[in-house]
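For the sequence shown, the UniProt record's numbering begins at 1 and goes up steadily by one.
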Amino acid sequence: MSVADVKKNSEQKMSKSIEQLKANLAKVRTGRAHTGLLDQVMVDYYGSPTGLSQVANLTLVDARTIGVQPYEKKMVAVVEKAIREADLGLNPATHGELIRVPMPPLTEERRKEMVKLVKGEAEDAKIAVRNIRREGNETLKKLVKDKIASEDDERRGQDDIQKLTDKFVAEIDKLVGDKEKEVMTV
1 MSVADVKKNS
11 EQKMSKSIEQ
21 LKANLAKVRT
31 GRAHTGLLDQ
41 VMVDYYGSPT
51 GLSQVANLTL
61 VDARTIGVQP
71 YEKKMVAVVE
81 KAIREADLGL
91 NPATHGELIR
101 VPMPPLTEER
111 RKEMVKLVKG
121 EAEDAKIAVR
131 NIRREGNETL
141 KKLVKDKIAS
151 EDDERRGQDD
161 IQKLTDKFVA
171 EIDKLVGDKE
181 KEVMTV
């Protein structure tokens, strides 16, 4: 393993942390509807728990309503019950074969809770990035100890990993700032 490998490896891991943060932020509810909110809803499909997206077609009816259309007519009541019991604060209504899931408007208090949640996700991502930096630096120290790299290489490598860390932390801050604005917009 070389100094370049350590840097490349650290950058890849930091990128994965950012992707995970994006995925987690996408689940945080804003005033607008999006089908990702129903991702964790499990439906009892002939005795086995199945993800909602595998038994129904999810669409956006409008900015505040998700449309859920089960692939089988007899699943309509089961799907509606699963959404209601998913503890998401949603109240689905059935219109024939289409289940409409209106998004209740967020209260100011709930928006502030969402912002706290977003900041918590950001802190977790920053901790992950810093842990990756620490691992990278420890690997560089080991390379010097094993006489694979010089101390100058180690110093340069640590500087590069620190620059990566700064870059990814700045990206986390930007993602969180954008999500906060989105959550607080009425």
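Quick reminder that beta carbons are idealized off the backbone N, C-alpha and C, glycines included. As the structure is a prediction and not an experimental result, all values here were calculated from the model.
Inset, instruction - State the beta-bridge partners of Leu98 as determined by DSSP. - result: For the purposes of this step, residue 98 is taken as the residue at position 98 of the sequence shown. Looking at the DSSP output, Leu98 bridges to His95.
Inset, instruction - Write down the C-beta distance between Val55 and Ile83 rounded to the nearest angstrom, noting that I regard them as a contact closer than 8 angstroms. - result: Here the question's residue 55 lines up with position 55 in the sequence shown. Here the question's residue 83 lines up with position 83 in the sequence shown. Between Ile83 and Val55 the Cβ distance is about 12 angstroms, and since that is not below 8 angstroms, they are no contact.
Legend entry - Rounded C-alpha distance that separates Ala63 from Ser53: Sequence index remark: in the sequence shown, residue 63 carries index 63 (1-based). Sequence index remark: in the sequence shown, residue 53 carries index 53 (1-based). Approximately 19 angstroms, taken between the alpha carbons.
Legend entry - CB contact flag (Thr35, Ile66, <8 angstroms): Here residue 35 is taken as the residue at index 35 of the sequence shown, counted from 1. Here residue 66 is taken as the residue at index 66 of the sequence shown, counted from 1. For Thr35 and Ile66, yes; Cβs fall inside 8 angstroms.
Inset, instruction - Verify whether the separation of the beta carbon atoms of Val61 and Arg100 is less than 8 angstroms. - result: As a first step, residue 61 must be located in the sequence shown, where it is residue number 61. As a first step, residue 100 must be located in the sequence shown, where it is residue number 100. Yes, Cβ-Cβ distance for Val61 and Arg100 is below 8 angstroms.
Legend entry - Stretch-stretch touch, CB-based, cutoff 8 angstroms, three pairs: the stretch 170-178 with the stretch 138-156: The stretch 170-178 makes no contact with the stretch 138-156: fewer than 3 CB pairs, one atom from each, lie closer than 8 angstroms.
Legend entry - Of the listed residues Glu151, Ala33, Leu58 and Asn9, nearest to Leu98 (C-alpha basis): Position 98 of the sequence shown holds residue 98. Out of Glu151, Ala33, Leu58 and Asn9, Leu58 has the C-alpha closest to the C-alpha of Leu98.
Legend entry - Simplified DSSP assignment, three categories, for Ser15: In the sequence shown, counting from the first residue as 1, residue 15 sits at position 15. Ser15 falls in the helix class under three-state DSSP.
Inset, instruction - Would you verify that the beta carbon of Asp160 is, or is not, closer than 8 angstroms to some beta carbon of chain B? - result: The displayed structure is made up of one protein chain only, and chain B is not part of it.
Inset, instruction - Count the CB pairs spanning the stretch 107-119 and the stretch 149-169 that are closer than 8 angstroms, and state whether there are at least three. - result: Because the criterion of three Cβ pairs below 8 angstroms is not met, the stretch 107-119 and the stretch 149-169 do not touch.
Inset, instruction - Starting from Ser48, trace the beta strand (DSSP E) both ways and give me its first and last residue. - result: By one-based count along the sequence shown, residue 48 stands at place 48. Start and end: Ser48 to Gly51.
Legend entry - Chain-order list of residues whose beta-carbon lies under 6 angstroms from that of Asp152 (same chain, five-residue window excluded): For the purposes of this step, residue 152 is identified with residue 152 of the sequence shown, where counting begins at 1. Closer than 6 angstroms at Cβ, skipping near neighbours: no residue.
Legend entry - Reduced DSSP secondary structure (H/G/I, E/B, other) of Gly67: For the purposes of this step, residue 67 is identified with residue 67 of the sequence shown, where counting begins at 1. The three-state reading of DSSP puts Gly67 in strand, counting E and B together.
Legend entry - Euclidean distance between Cα positions of residue 194 and Ser150: The structure shown does not extend to residue 194, since the chain is modelled only from 1 through 186, so no value can be given for it.
Inset, instruction - Find out if the Cβ-Cβ distance for the pair Gly157, Val28 is shorter than 8 angstroms. - result: Within the sequence shown, the letter at position 157 stands for residue 157. Within the sequence shown, the letter at position 28 stands for residue 28. Their beta carbons are not under 8 angstroms apart, which means Gly157 does not touch Val28 by this criterion.
Inset, instruction - Examine the Cβ distances between the stretch 120-131 and the stretch 8-21 and report whether three or more of them are shorter than 8 angstroms. - result: Three or more beta-carbon pairs drawn from the stretch 120-131 and the stretch 8-21 are found closer than 8 angstroms, and the two stretches are therefore classed as touching.
Legend entry - Span separating the alpha-carbon of Tyr46 from that of Lys74: If you number the sequence shown from 1, residue 46 lands on position 46. If you number the sequence shown from 1, residue 74 lands on position 74. Our two residues, Tyr46 and Lys74, have alpha carbons roughly 11 angstroms apart in a direct line.
Inset, instruction - State the CB to CB distance for the pair Gly136 and Ser48, rounded to an integer number of angstroms; the pair is presumed to be in contact (CB under 8 angstroms). - result: Here residue 136 corresponds to residue number 136 of the sequence shown, with the count starting at 1. Here residue 48 corresponds to residue number 48 of the sequence shown, with the count starting at 1. Not quite, the Cβ-Cβ distance comes to about 43 angstroms (not below 8 angstroms), so this is no contact.
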